[in-house]
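Report on one structure; see the data block that follows.
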Amino acid sequence: MSDATQINTELNASETQINTEISFDNIRDDSTEINPELRGEGEELITDEIIGDRYVVEEPLDVKSGEADLYICSRIDEKDSGKKYVAKMYRRETAIKQEIIEKLLSIDSPYVAKLYDTFEHKGFTVDIIPYFKNGSLQGRKYGKEELLETIIPDINEGLKAIHDANIIHRDLKPSNIMLRDDGKHVSIIDFGISSAAEDGNTVIITRTGMTPEYSAPETFKNVWLRESDYYSFGITLFELFCGYVPYANLNSEEIEQYLSVQSLPYPEDMPDILRDFISALTYKDISNRHNKNNPNRRWTYDEVNRWLDGEDLVIPGEGIGNVGLGAMPPYQFMTETFTDEVKLVEALTKHWDEGKKHLFRGYLQKHFRGYNTELERACRDAEKELNSTNGKEDLIFWKTLYKINPKLKGLYWMGKTYESLPAFGSEVLEKLWNKDASDFQYYNSVLNERILTEYVQMVSSDNEKVLSITRGLEDLYQIEETEHRRHLRTYYRMAYQLSGQKLFYYRGNKFRTTGELAKYLESVLAQSKDDFRAICHEFIDQYGNLDLQLETWLIAIGKENELRSWIQFIR
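If you're matching positions, the sequence shown starts at 757 in the numbering used here and goes up one per residue.
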């Protein structure tokens, strides 16, 4: 299928490629294709076929797996009991490692699908697992109470059982979580790409089989931890509440590119308790994972269990103790009283001009004196820097905000707040599509002050890909002449590159590919030559200049070389 996930598309020939040519009928969009060495026709199991000398095949299961064929079967010696099993016949030889099989056979937990049996049939591995008549959680939505009462506790216990067996699942997602026969509780399945952890330590492997929408940032660097499964747990909960994954419109390269600088785009209707919990599971910084006394680390089993028991835990990256030394003394700002730095910084950014007064008139420095010497020094340095520079008060104020709250992940500038660079890019694109020029001056200040690069360096300094993009945009802005059309080109490039979107918007239509656009133009031509001619003039003016959105969209979808060749041809 054309929109199948692709990962590591530029690997060496000896490395595994994933989902490059998925062609199985009815396969789900989130299915994972693993190193396919597909069997030829005539090797599928048939009704009444005996497998493993003790099971009889009844019928194919009407659920497709990217790595195996599934069949309902029963044990020959239990034929009259009515008990059903699922035979999972992998499409490649040695599909699951023997060490994983041995560990799975040792797990006895209702929250993990039991591996009853495993054997070879026609040279391919077959696993016998329970038959779940209610199917998986894929496509289901749950409310807060259902998630808190059963789904979250069950998955947490399932992961504990898996991790206690020194297994890292590596592909936790709704389609790999089955609804048990009671219609309430769940069990984790699908260990085809799991890895054995060595005493709980880091596993470094190639990115085989991962589903990028659910994958933790470190896994894009080929590092897998127990914490990586908990990140996938968080994204799974996001989907079970919202009905979609937060990175649904990004490909694997874009997910990796933006993951470290982008906060999850939580919907407004998500309860705070779920938002906080998912934030704790998807906390990106794993550098403190061995330090149990540091609250800034991704949650795993113990924290989830304590949280479910009602213990008031600090959310990683937020709350008291993460920025200062304890409960902040009350601070009055804009008729409100603030007792923690996070909320104070949010208010200072919202009321930008008033916030600058509080910083540069010494109010904030005085407040932090005796409470947090580091923040007091940051405010004092800001006042000194303002006195030694001219016209840089906004930039100095902005940098100081991120010093007051170093865990600030959103983009805050001149009174506007964006959850992430992609969120900022998406809004710019929407306004350009709607021919809304109201924020052009704002875009100028962002590019002129090089806020994008400064922001990435503060929140994700090691993300060279994003740094390269932001520097390129700011350099382009600096060298462009002060002329509306040229700056408009920069705005479009900024919108497409930061948002990750690949859509061309024209006359109320959104086109993903040049083929879709060509079909639209053909239909217009068939109806009216005059209308077609008018569109051509809109796309290319009398001087041979291409429409700016069309030009930057073509670059965004990888047609820059073709575009350059065309420009050279017409000129």
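A virtual CB, placed ideally from N, CA and C, is assigned to each residue, including glycine. Since the model is a prediction, treat every value here as computed from it, not as a measurement.
For Gln-1213, which residues from the same chain have a beta carbon less than 8 Å from its beta carbon, with the 5 sequence-adjacent residues on both sides left out? Residue mapping note: residue 1213 aligns to position 457 of the sequence shown, counting from 1. Once the five neighbours on either side are set aside, the close Cβ partners of Gln-1213 are Leu-1223.
**Asked** Can you name the start and end residues of the alpha helix (DSSP H) that Tyr-1198 belongs to?
**Response** As a first step, residue 1198 must be located in the sequence shown, where it is residue number 442. Note, Tyr-1198: alpha helix (DSSP H), 1196-1204.
Practice item. Report, in whole angstroms, the separation of the C-beta atoms of Thr-967 and Lys-929, which I expect to be a contact under 8 Å. Key: Numbered from 1 along the sequence shown, position 211 holds the residue referred to as residue 967. Numbered from 1 along the sequence shown, position 173 holds the residue referred to as residue 929. With a contact defined as Cβ atoms closer than 8 Å, Thr-967 and Lys-929 qualify at about 6 Å.
**Item:** Minimum C-alpha distance to Glu-974 - residue among Glu-913, Ile-1042, Asp-1192, Lys-870
**Value:** In the sequence shown, residue 974 corresponds to position 218, counting from 1. It is Ile-1042 whose Cα lies nearest to the Cα of Glu-974.
Exercise. Within the stretch 839-872, note down every full alpha helix (DSSP H) run reaching 4 residues or more, in order along the chain.
Key: If we require 4 residues or more, the alpha helix (DSSP H) runs fully inside the stretch 839-872 come out as 854-862.
Practice prompt. Within its chain, find whatever has a CB closer than 6 Å to the CB of Arg-1249; leave out the 5 residues flanking it on each side and keep chain order.
Written response: In the sequence shown, the residue the question calls residue 1249 occupies position 493. Taken in chain order, the residues that qualify are Thr-1308.
At which residues does the alpha helix (DSSP H) containing Phe-997 begin and terminate? The count along the sequence shown starts at 1 and reaches residue 997 at position 241. Residue range 982-998 is occupied by the alpha helix (DSSP H) that includes Phe-997.
Considering only residues of the same chain and omitting the five flanking positions on each side of Leu-1319, which have a CB-CB separation below 6 Å?
Locating residue 1319 in the sequence shown gives position 563, counting from the first residue. Cβ contact annotation for Leu-1319 (same chain, cutoff 6 Å, sequence separation greater than five): Leu-1310, in chain order.
Quiz prompt | Where Val-909 sits in the DSSP three-state scheme | solution = For the purposes of this step, residue 909 is taken as residue 153 along the sequence shown, with counting starting at 1. Note that residue 909 is Pro in the sequence shown, not Val. It is helical.
- Query: Ordered along the chain, which non-local residues of its own chain (more than five positions away) have a Cβ less than 8 Å from that of Ala-1103?
  - Reply: On the sequence shown, position 347 is the one that residue 1103 refers to. Counting only Cβ-Cβ distances below 8 Å, and skipping sequence neighbours, we find Phe-1089, Met-1090, Glu-1092, Phe-1094, Gly-1111.
Q.
Using a 10 Å radius around the Cβ and a threshold of 16 neighbouring Cβ atoms, would you call Trp-749 buried or exposed?
A. Because residue 749 is not part of the residues shown, which for the chain are 757 to 1327, the question remains open.
Closest Cβ-Cβ distance between Leu-1281 and chain C: below 7 Å? The displayed structure is made up of one protein chain only, and chain C is not part of it.
### Segment contact flag, the stretch 979-997 with the stretch 913-933, C-beta cutoff 8 Å, min 3 pairs
Under the 8 Å Cβ criterion, the stretch 979-997 counts as touching the stretch 913-933, having at least three qualifying pairs.
Task: Beta-carbon spacing of His-941, Asp-920 below 7 Å - done: Taking the first residue of the sequence shown as 1, we reach residue 941 at position 185. Taking the first residue of the sequence shown as 1, we reach residue 920 at position 164. Cβ atoms of His-941 and Asp-920: not closer than 7 Å.
- Message: Below 8 Å on the Cβ atoms is my contact criterion, and I expect Glu-1230 with Arg-1206 to pass it. Report the Cβ-Cβ distance as a whole number of Å.
- Response: Within the sequence shown, the letter at position 474 stands for residue 1230. Within the sequence shown, the letter at position 450 stands for residue 1206. Sure, about 5 Å apart at Cβ, within 8 Å.
Next item on the list: Determine the DSSP secondary structure at Pro-973, reduced to helix, strand or coil.
Entry: The count along the sequence shown starts at 1 and reaches residue 973 at position 217. Correct three-state label for Pro-973: helix.
Beta-carbon spacing of Ala-1134, Ile-1152 below 7 Å
For the purposes of this step, residue 1134 is taken as the residue at position 378 of the sequence shown. For the purposes of this step, residue 1152 is taken as the residue at position 396 of the sequence shown. With respect to Ile-1152, Ala-1134 sits apart: the two C-beta atoms are not nearer than 7 Å.
Residues near Asn-890 in its chain [Cβ-Cβ closer than 8 Å; skip 5 each side]
Residue mapping note: residue 890 aligns to position 134 of the sequence shown, counting from 1. Hits under 8 Å: Met-934, Leu-935, Arg-936, Asp-937, Gly-939.
Review point. Below 7 Å between beta carbons: does that hold for Leu-1142 and Val-1101?
Key: The residue labelled residue 1142 in the question sits at position 386 within the sequence shown. The residue labelled residue 1101 in the question sits at position 345 within the sequence shown. Their beta carbons are not under 7 Å apart, which means Leu-1142 does not touch Val-1101 by this criterion.
- Taking Gly-1314 as the reference, which of Ile-807, Gln-1257, Phe-1288 has the closest Cα? Residue numbering aside, residue 1314 sits at position 558 when the sequence shown is read from its first letter. The option with the nearest alpha carbon to Gly-1314 is Gln-1257.
Q. Cα separation between Lys-1266 and Tyr-1276?
A. One-based indexing of the sequence shown puts residue 1266 at position 510. One-based indexing of the sequence shown puts residue 1276 at position 520. As the crow flies, the alpha-carbon of Lys-1266 is around 11 Å from that of Tyr-1276.
Start-to-end residues for the alpha helix (DSSP H) that takes in Ile-1225 = Taking the sequence shown and counting its residues from 1, one reaches residue 1225 at position 469. 1220-1235 is the extent of the alpha helix (DSSP H) around Ile-1225.
Q | For Phe-1180: DSSP bridge partner residues | A | Indexing the sequence shown from 1 puts residue 1180 at position 424. DSSP output for Phe-1180 lists no bridge partner at all.
Exercise. Which residues does DSSP pair with Ser-943 in a beta bridge?
Worked result: The residue labelled residue 943 in the question sits at position 187 within the sequence shown. Ser-943 pairs with Met-934.
If I follow the unbroken alpha helix (DSSP H) through Gln-1257, where does it start and stop?
Numbered from its first residue, the sequence shown carries residue 1257 at position 501. Neither: Gln-1257 is in no alpha helix (DSSP H) and is coded neither H nor E.
- Per DSSP, Asn-1265 is paired with what? Locating residue 1265 in the sequence shown gives position 509, counting from the first residue. Asn-1265 is bridged to Tyr-1262.
#### Entry: Identity of the residues DSSP links to Phe-1116 by a beta bridge
For this step, residue 1116 is matched to residue 360 along the sequence shown. Phe-1116 pairs with nothing; no bridge assigned.
* Would you decide whether Glu-901 is buried or exposed? Buried here means 16 or more other CB atoms lie within 10 Å of its CB. => Position 145 of the sequence shown holds residue 901. Exposed, by the Cβ-count rule.
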